[in-house]
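Number of protein chains: 4
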Amino acid sequence: MPRLAYLGPEGTFTEEALRLLDPTAERLPCATVSAALNAARAGDADGAVVPLENSIEGAITTTLDEFAWGEPLLINAELLLPVQFSLLARPGTEIVHIKRVYTHPAAITQCRAYISRELPDAVVVSAPSTAAAAQEVSLPGSPYDAAIAARIAGEHYGLVELAGDIGDRSDTVTRFVKVSRPQPLPKVTGSDRTTLVVFLADDHPGALLEMLTEFSVRGVNLTRIESRPTGDGIGRYFFHFDFEGHVADARVGEAIAGLHRICGEVRFLGSYPRADGVAPRIKRGTADAEFAEAGDWLARVRAGLA
Amino acid sequence: MPRLAYLGPEGTFTEEALRLLDPTAERLPCATVSAALNAARAGDADGAVVPLENSIEGAITTTLDEFAWGEPLLINAELLLPVQFSLLARPGTEIVHIKRVYTHPAAITQCRAYISRELPDAVVVSAPSTAAAAQEVSLPGSPYDAAIAARIAGEHYGLVELAGDIGDRSDTVTRFVKVSRPQPLPKVTGSDRTTLVVFLADDHPGALLEMLTEFSVRGVNLTRIESRPTGDGIGRYFFHFDFEGHVADARVGEAIAGLHRICGEVRFLGSYPRADGVAPRIKRGTADAEFAEAGDWLARVRAGLA
Amino acid sequence: MPRLAYLGPEGTFTEEALRLLDPTAERLPCATVSAALNAARAGDADGAVVPLENSIEGAITTTLDEFAWGEPLLINAELLLPVQFSLLARPGTEIVHIKRVYTHPAAITQCRAYISRELPDAVVVSAPSTAAAAQEVSLPGSPYDAAIAARIAGEHYGLVELAGDIGDRSDTVTRFVKVSRPQPLPKVTGSDRTTLVVFLADDHPGALLEMLTEFSVRGVNLTRIESRPTGDGIGRYFFHFDFEGHVADARVGEAIAGLHRICGEVRFLGSYPRADGVAPRIKRGTADAEFAEAGDWLARVRAGLA
Amino acid sequence: MPRLAYLGPEGTFTEEALRLLDPTAERLPCATVSAALNAARAGDADGAVVPLENSIEGAITTTLDEFAWGEPLLINAELLLPVQFSLLARPGTEIVHIKRVYTHPAAITQCRAYISRELPDAVVVSAPSTAAAAQEVSLPGSPYDAAIAARIAGEHYGLVELAGDIGDRSDTVTRFVKVSRPQPLPKVTGSDRTTLVVFLADDHPGALLEMLTEFSVRGVNLTRIESRPTGDGIGRYFFHFDFEGHVADARVGEAIAGLHRICGEVRFLGSYPRADGVAPRIKRGTADAEFAEAGDWLARVRAGLA
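Protein chains in written order, with UniProt numbering: chain A, 1 to 306; chain B, 1 to 306; chain C, 1 to 306; chain D, 1 to 306.
And the structure:
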């Protein structure tokens, strides 16, 4: 039974994601994304589940930066989890009494309209996670009157749901990934995704165009690109790429070997089945069989055969 | 004397930036980036100063999203501000007594090494701004023992600096911009930057490559690209671009008109002098005089002249 | 009644083309393509009809080089003429008697299989034109026994057709163009072609790719590209381009103005209706209305309007 | 002692080229380029020397088409031969007596200025080769008064040189290649050239741009591109490419395997030392060692190693 670290405490959306990704795993809650990943790195856990991006908030930059700079980990699964927020309070609290709300900043952003409309005078304070907010609110002497968190956090910490599905959009989704220390990759399924981090060799004009051309010339479609600062001053960035296909696919292998040749550093973050099950349209000339046939042809040409 | 809104309370890095951008302006502190921008939009202020990106944290996504979705504003100046953090406490506090630290999440990230080393057992709580943290800590009954904030916040709120320059890196910089309601653009200086938001018409493979080609074919160099979620589900993004040059430059005008033609929506966010004073290397054939001469040539060709 | 020069003598395929392009024109036969074009340049004719390319032979390089280097002329019409060759001889000649055949080199190439099969022992001598060959063979003391030429050349010079349609392929076509001194261009028809000559500024790697990108980024499709030596040594070339659209089209105008900016010299050779009547598929964002709308948008942006 | 076929008769520029390429070879003169190549194909010769292009005339299209359509041959050497023309006549002839000149069409083009100036009234007739012209003029009953050919043709056929170096340009060069039946390729020298013929799979807009991108993305520089008609009507072309490097180079191999995958047919025509000895500038990331290192890296990534 694997042991998986995750962003805790109990009751977070990440716990929900973990349960869906691996229902039988032993769960190890951690205080931060970094702590969860470090537990996996150190062997305290067999892996970790962390959020990567949210359809409203965008990238979880802590996760991106941990993947880029920390000890290498490999993504081996992803999950898309619908995100629904509830307004949770200690039994007996009424909405009109709520003066101080505690929740994660992402929830503040995503429930902006509800807060403005229903809690116009409340002070909203940032918590490290939505579940931590619920936990805090559940304490008798808490300075906070309510938390915004997942319904299961309320169940977990004995809070009452004063309002449900209070997000501005009802279709918000967070993408979670399961990572482990380097190990054999998941098998090719035909609906795979690969994630990379790329550092430029020298930040010349056109460098990004060159990187994208390495993908497009092999018919590899990008699904996400994020720029992140290298830390060396404004205007210096590195890049996260998600793209269709598995590194075992010939077109993907040649594309990322091309990136490796022209870029400063390419860090491979994993190939894994897509949560949405979408299969790529393979561009003419870029299927594995076509690469193999071209390799045979090249060998004959190099041997001087007609 | 213009009145400028900014992310307050008094003592924020944003206030420092505002004072440098316009020393004589009347200052209107606001609780959030959104509130500062809305003050400018509503006419309560003549403009606003907000952070756009940080060399460690990356983009300030609230600012990016406000620029993309809110009522249009135009950037007319930028500033690069070195960021130095101090550990601030009420007089009489010693480091060994510090159990609860209050600061903005960006400061938590940027002072991670110091906190681990010097305050390993402290609980660190997220504040809406570093100055707000200092203000809170200055209150007699505050549950927090120290704030991490700018030194001037300490001076402002009567706190003592227990340690200075505690960031992990001493070269951290934040880029601030000054915005106003739409108005005539700053003049071309020869060292200008332009900022855009681009929404795709249809999110086909290669769309980003096509956008970058619109720039590169006119010799316009990108300096920053950020993808942000449109909110319509994982995998749907729009883009922020910064690039060299002023929209009055022929090459820039043709490039963004090209984007406007092939993309769903292009929102112009301003052309303004670069804070670093760097002048672009103009690629052969892309100077204004060359565009003008080519326009004359085309007119002659269309008239059937040799 | 216009007077048109052409590659004579009477009975050439060029004469056929001229009659189809302008049935009422007065015809001025000339000894060479250069002579015909010079007649138009000098005002001895109002224009000229010359071959540009053949579906078997390829480009008529004399024509290409005349267009590139000689006094400027503009193409204002094109014609695709099926080419059929006949074996022509003086009355009384039988195939078995034919020892020396006279014809234009293009006809030698295009009738290679017939000659090998039916005239395996004949010597085949190059003539300046197929009609000139027929004319020569018609002279009583001619050293040649037969000509390969158009059937009408035989009728014209009193020769007998010993075999018809003797080309290796029955679908051979030659493309002819009508040119004049610079004058107002033919109107846009929606099925137009434009022809250019482009000299590189400096022959750097990637120069051709850059030129093609100027076309592709504006959605302009090439229909022909020919490289020709500049004369300055092996490895130095200039280029002929044919592409879809009329120079009055916004996308074509911007593309060739782009070429003009980045290349050494662009010589415009005309915009004219396509002989095949094919209308281009206009790529999203490249129609005239879209260029106009983008121009309006850019003007508003430059004026600082939202 | 190898036996090499060439475009004869004795005294052609091709013979000069052959003597320079292989001074000890037995020489087999042939009536046409096709005949010389067929001699090599059939085993009547060990190889052949033929002209490929001329710095004034451009491509020798017969050679290009033979390479594309005939039984496969491989180029294994090239030579750049300065071309100088002489006016040659039977002893006793004076320039003023010359009424009919015989020579190859390429010589007519290249000596156009001399002919106009010095022989304005002469009729100039096309010969199959310059040496054949000299041979013909040397016959007592020849209808021609003079030939334009290489000086050595005059020596060979007993003609007198009435004028030397009569070409319009004194720096004209012809590029010759030596070919053989398929056999092991010449070794990599570091200054190599590779020649290909490429047929499109389907002639869609942008096909040429895609082909050039296969080269550019691997840092392979084109040195020549020729389009030739496929024979299937105006507007249908295939392409000859010359480019820097040897097919044994990793970057060249990957580029042409890429072409092979996306194109209809790629015919390899040889890798051989450049006559000009120019070594390519290897773009960062495209040297053999970098390809090898990237291959190792990819193998580790695919094995799940960090």
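Don't be surprised by glycine CBs; every beta carbon is placed ideally from N, CA and C.
Model, not experiment: these values are computed from the prediction.
- Judged by their CB atoms, A:F241 and D:V301 are not nearer to each other than the 8 Å cut-off.
- Taking 8 Å as the Cβ-Cβ cut-off, the segment 239 to 261 of chain B approaches chain C at V247, A248, G253, E254, I256, A257, G258, H260, R261, given in chain order.
- For A:R284, the closest C-alpha among the options D:H204, D:F291, D:Y102 is that of D:H204.
- Only residues of its own chain outside the window of five on either side were considered, and among them F85, Q110, C111 have a CB closer than 6 Å to the CB of D:G167, listed in chain order.
- Of the candidates B:F13, B:V252, B:A31, B:K99, the residue whose Cα lies closest to the Cα of B:P51 is B:F13.
- D:E161 and D:A113 have their alpha carbons spaced roughly 18 Å apart.
- Listed by position along chain C, the residues whose Cβ is nearer than 7 Å to that of D:R175 are I234.
- With a contact defined as Cβ atoms closer than 8 Å, D:R100 and D:P143 qualify at about 6 Å.
- Chain order gives no chain D residues near A:P9, where near means a beta carbon separation below 8 Å; the closest approach is about 31 Å.
- Cβ proximity to chain D below 9 Å picks out R181, P182, Q183, P184, L185 from the segment 165 to 199 of chain A.
- Taking C-beta separations shorter than 6 Å and ignoring five residues to either side along the sequence, the partners of D:P186 in its chain run N76, Y272, following chain order.
- Contacts between A:R117 and chain B, judged by CB atoms closer than 7 Å, are missing: the closest CB pair is about 16 Å apart.
- The Cβ atoms of A:F239 and A:E226 sit closer than 8 Å to each other.
- Neighbours of C:N221 across chain D, judged by C-beta separation under 8 Å: P205, G206.
- For B:F238, the enclosing beta strand (DSSP E) covers residues 237 to 244.
- Between C:I60 and C:E10, the alpha-carbon positions lie close to 20 Å from each other.
- Judged by DSSP in its simplified three-state form, D:R267 adopts strand.
- DSSP places A:G154 in the uninterrupted alpha helix (DSSP H) bounded by 151 to 157.
- Between the C-alpha atoms of D:A68 and B:G219 there is a straight-line separation of about 39 Å.
- Where A:R300 is concerned, the enclosing alpha helix (DSSP H) starts and stops at 288 to 302.
- The residues L162, in chain order, have a CB closer than 6 Å to that of C:I95 in the same chain once the five nearest residues on each side in sequence are set aside.
- Nearest to D:T195 by C-alpha distance, out of D:R224, D:D202, D:G58, D:T174, is D:R224.
- By the neighbour-count definition (other C-beta atoms within 10 Å, threshold 16), A:R193 is a buried residue.
- Setting aside the 5 residues that flank it on each side, B:E254 is surrounded in the same chain by R218, F291, each with a C-beta closer than 8 Å to its C-beta; the list follows chain order.
- Relative to C:R169, the option among C:A107, C:R175, C:S138 whose CA is nearest is C:A107.
- Using a Cβ distance threshold of 8 Å, D:R236 and C:G58 do not count as a contacting pair.
- Sorting A:E53, A:A89, A:A5 by C-alpha distance to the C-alpha of A:A150 places A:A89 at the top.
- Below the 7 Å Cβ cutoff, chain A contributes no neighbours of D:L139, its closest Cβ being approximately 42 Å away.
- Among the residues facing chain C, B:F268 is included, as its CB has a counterpart in that chain under 8 Å away.
- A distance below 7 Å between beta-carbons, with the five flanking residues on each side excluded, links A:T189 to the following residues of its chain, in chain order: P273.
- The segment 20 to 38 of chain D and the segment 173 to 180 of chain D touch, with no fewer than 3 CB-CB distances between them shorter than 8 Å.
- Residues of chain D whose Cβ lies closer than 9 Å to the Cβ of C:P229 are, in chain order, E53, N54, S55, I56, E57, G58, A59.
- In this chain, B:A77 is not harboured by any alpha helix (DSSP H); it is covered by the beta strand (DSSP E) spanning 74 to 82.
- Taking every protein chain shown into account, the CB of D:A42 has fewer than 16 other CB atoms within 10 angstroms, so this residue is exposed.
- Counting of Cβ neighbours within 10 angstroms places C:D65 among the buried residues, the total reaching 16 or more.
- Here C:T62 is not near C:T103, since their CB atoms are 8 Å or more apart.
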